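Worksheet for the structure shown next.
Number of protein chains: 2
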Amino acid sequence: MTSRSSLLQAEAPSRPTGSPGRRQPHAGCEGCLTRSLAVCAALPPADTVELEAAAGELRVQAGATLAREGAVRRDVYTITRGMLRRVRLLPDGRRLVAGFLMAGDFIGFSGASHYRHTFEAITDCTLCVFALQDMQQLCRRHPELEAGMLRQACAELDATRSSLMTLARLTPVERLAGFLLDMAMRQQRLGASADRVDLPMTRNDIADHLGLTIETVSRSFTRLKQDGMIEFDAPRLITLLQPARLRALAGSPA
Amino acid sequence: MTSRSSLLQAEAPSRPTGSPGRRQPHAGCEGCLTRSLAVCAALPPADTVELEAAAGELRVQAGATLAREGAVRRDVYTITRGMLRRVRLLPDGRRLVAGFLMAGDFIGFSGASHYRHTFEAITDCTLCVFALQDMQQLCRRHPELEAGMLRQACAELDATRSSLMTLARLTPVERLAGFLLDMAMRQQRLGASADRVDLPMTRNDIADHLGLTIETVSRSFTRLKQDGMIEFDAPRLITLLQPARLRALAGSPA
DNA sequence: CGATCCGTTGACGACTATCAAGAAGTGTGG
DNA sequence: CCACACTTCTTGATAGTCGTCAACGGATCG
């Protein structure tokens, strides 16, 4: 009985490509767990009424696709529960997982008219939906919101640029160490313990995220375990025994 | 006598680490060649007076460092002439060139209080300098400017995410093909011909940008030449003979 | 003219991808 | 409840690609 984190709920039997789910009226920002993390935080509490009016709630089953690469980009999203992957494919099937998205993350920082990635739910997810147009109008009326979006877009840019170093110059073990630290940090922000990492995604997802094969990912896990830096509570639930050594491996900035 | 492009002027005898140059009063936005490209374009012509008041002009010699990783981030820049590289180093000397910056590009989309990269001039450069504070105030007074910054930050995010695919999943030849197309496209926006690419940076810079070694970069160049896709006018001046085939190699999006 | 830097090419070896098999966990149906 | 299919993850053997080491040619500069 491996009790996975309550933040990232357990993966349901994955239907290959389920429907993205229905849009429902929004329940209200007040009780929202991610209120303080998300883009919405830029708006003073008094103005959340407007946000709520524009927002819809969307639930997506594990395994289902939220939005497909190439489709017209009509909506933007804030994730309130669960985890998704940002995927891009090459014609010959090579795959990149450009990132994992969790509660508080925003989908919609793009200048493109069409989605440039496919977004697939790894666990059951709940999201706040906004029509792109509505969000743009909200931004026009509330410069603080736009400023907040700019700040968060810059933060994401910083993070993405760090990934460049990972992919360009780090060894497999170093990449994995950095990945584990990154996931731990983000989950900690959501209230999890600092040294426990929950990995709802498959080894394949991790491989395609780190530019490796699943075998190399697996061997790198084994190496970190043998060296006493991590411990497996389950294949997808890991304890970081020596975060400092992991940080040293990953090149500190992580 | 290799007459390099007039857009990216020839590399001067590189002083190892010259001084970043002096800040001068600004010459005015009216005649600025990059006016239509840069962040500033978001501001209506009537308001450029304010921009000019806040801006300074800065010249940086080839080989000199504009800003150092870890230093306090006091200024932001728009490049009006020349080319710089965005560099990050690992403790053991491994290097990443996170990007090449040219006329119209903006340095300053970051949420960090300190520079996260070192910026080094590849050719002699001219830049518009703004104190970070001034720019933030300008944004507060002119929401259009902030909206423009957000748009451009998103565009840069899109571009950076594309680099992830390059580094994670493309072969050396594919990476180089994509790189050449990217440089050609950006130089075309500045008025150069579509099939001529000027590469002021060294093979080492290219290697550290593509996550390869200089030998592999060199061999990949040779391969593209042997296959008839490119032609060398000089080691750093290349003609794209078959852009379509290059695009196919790079995975089209480029 | 020698020194230095840059780029190319060749020989070799290491590391990671590939191929293959097996172990472990999960859900389904009898 | 158990057998079976299926997926995921791990481990081993092998091969290929790219990194490393080395040498050379060309350009630039003092």
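Residue numbers (the UniProt record's numbering), protein chains in the order written: chain L, 1 to 254; chain W, 1 to 254. Quick reminder that beta carbons are idealized off the backbone N, C-alpha and C, glycines included. This structure is a prediction, so every number in the text was calculated from the model and none was measured.
Measuring alpha carbon to alpha carbon, tell me which residue in the options is nearest residue i.
i: residue 120 of chain L; options: L:145, L:114 and L:66; result: L:66
i: residue 25 of chain L; options: L:45, L:126 and L:226; result: L:126
i: residue 165 of chain W; options: W:146, W:57 and W:250; result: W:250
i: residue 199 of chain L; options: L:135, L:211 and L:176; result: L:176
i: residue 86 of chain L; options: L:73, L:100, L:228 and L:212; result: L:100
i: residue 61 of chain W; options: W:215, W:218 and W:81; result: W:81
i: residue 245 of chain L; options: L:145, L:181 and L:28; result: L:181
i: residue 111 of chain W; options: L:149, L:98 and L:137; result: L:149
i: residue 247 of chain L; options: L:238, L:237, L:229 and L:233; result: L:229
i: residue 243 of chain L; options: L:183, L:41 and L:161; result: L:183
i: residue 44 of chain L; options: L:95, L:57, L:56 and L:29; result: L:29
i: residue 203 of chain L; options: L:190, L:188 and L:220; result: L:220
i: residue 163 of chain W; options: L:97, L:68, L:233 and L:71; result: L:97
i: residue 209 of chain W; options: W:235, W:225 and W:172; result: W:172
i: residue 168 of chain L; options: W:213, W:190, W:146 and W:153; result: W:213
i: residue 55 of chain W; options: W:138, W:153, W:63 and W:146; result: W:138
i: residue 59 of chain W; options: W:124, W:50, W:94 and W:207; result: W:124
i: residue 63 of chain L; options: L:73, L:134, L:201 and L:47; result: L:201
i: residue 223 of chain W; options: W:174, W:188 and W:234; result: W:174
i: residue 186 of chain W; options: W:234, W:23 and W:38; result: W:38
i: residue 303 of chain L; options: L:227, L:205, L:226 and L:225; result: The requested residue 303 of chain L is not part of the displayed model; chain L covers only 1 to 254.
i: residue 42 of chain L; options: L:69, L:152, L:232 and L:231; result: L:152
i: residue 27 of chain W; options: W:239, W:52, W:48 and W:179; result: W:52
i: residue 282 of chain L; options: L:115, L:47, L:226 and L:142; result: There is no way to answer for residue 282 of chain L, as the model of chain L reaches only from 1 to 254.
i: residue 161 of chain W; options: L:241, L:109 and L:144; result: L:109
i: residue 113 of chain L; options: L:188, L:73, L:142 and L:48; result: L:73
i: residue 179 of chain L; options: L:238, L:143, L:146 and L:48; result: L:238
i: residue 48 of chain L; options: L:23, L:94, L:144 and L:70; result: L:144
i: residue 94 of chain W; options: W:188, W:71, W:136 and W:211; result: W:211
i: residue 217 of chain L; options: L:189, L:207 and L:225; result: L:207
i: residue 40 of chain L; options: L:135, L:23, L:70 and L:231; result: L:135
i: residue 142 of chain L; options: L:236, L:240 and L:50; result: L:50
Using DSSP bridges, identify the partner residues of residue i.
i: residue 197 of chain W; result: W:238
i: residue 23 of chain L; result: L:58
i: residue 230 of chain W; result: W:240
i: residue 120 of chain W; result: W:65 and W:85
i: residue 209 of chain L; result: Paired residue(s): none; residue 209 of chain L is not in a bridge.
Exercise. Kindly confirm or deny that the segment 144–159 of chain L and the segment 194–202 of chain L touch, where touching means at least three C-beta pairs closer than 8 Å.
Key: no
Quiz prompt | Segments of 3+ residues assigned as beta strand (DSSP E) that fall wholly inside the UniProt domain "Cyclic nucleotide-binding" (39–108) of chain L | solution = 56–60, 65–67, 75–81, 83–89 and 95–102
Practice problem: With a floor of 3 residues, list each beta strand (DSSP E) that falls wholly inside the segment 125–152 of chain W, ordered by position along the chain. | Solution: 125–131
Self-check item: Selection of the segment 31–44 of chain L by Cβ proximity to chain W, strictly under 9 Å
Solution: none
Quiz item: the UniProt domain "HTH crp-type" (170–244) of chain L: which residues have C-beta closer than 7 Å to a C-beta of chain W, in chain order?
Solution: 211
Quiz item: Are three or more beta carbon pairs between the segment 89–96 of chain W and the segment 130–144 of chain W nearer than 8 Å?
Solution: Fewer than three pairs of CB atoms, one per stretch, sit closer than 8 Å, so the segment 89–96 of chain W makes no contact with the segment 130–144 of chain W.
Quiz item: Counting Cβ pairs, one atom from each stretch, are 3 or more of them under 8 Å apart for the segment 96–113 of chain W and the segment 23–38 of chain W?
Solution: yes
Practice problem: May I ask you to list, following chain order, the residues of the segment 103–120 of chain L that have a beta carbon less than 7 Å from some beta carbon of chain W? | Solution: 109, 110, 111, 112 and 116
Self-check item: Given 8 Å, three or more beta-carbon pairs between the segment 70–80 of chain W and the segment 109–123 of chain W
Solution: When Cβ pairs closer than 8 Å are counted between the two stretches, the segment 70–80 of chain W is seen to touch the segment 109–123 of chain W, the count reaching three or more.
Exercise. Check each residue of the segment 153–165 of chain W: if its Cβ is closer than 9 Å to any Cβ of chain L, include it; give the result in chain order.
Key: 153, 154, 155, 156, 157, 158, 160, 161, 162, 163, 164 and 165
Exercise. Could you list the residues in the segment 138–154 of chain W with a C-beta less than 9 Å from some C-beta on chain L, going in chain order?
Key: For the segment 138–154 of chain W, which is checked against every Cβ of chain L, the residues closer than 9 Å are 139, 140, 143, 146, 147, 149, 150, 151, 152, 153 and 154.
Exercise. Can you give me, in chain order, the residues of the segment 47–63 of chain W that have a beta carbon less than 7 Å from any beta carbon in chain L?
Key: The segment 47–63 of chain W vs chain L, Cβ under 7 Å: nothing.
Self-check item: Continuous alpha helix (DSSP H) assignments of at least 4 residues falling wholly in the segment 157–199 of chain L
Solution: 172–189
Quiz prompt | Residues within the segment 66–90 of chain L neighbouring chain W, beta-carbon criterion of under 9 Å | solution = 86, 88 and 90
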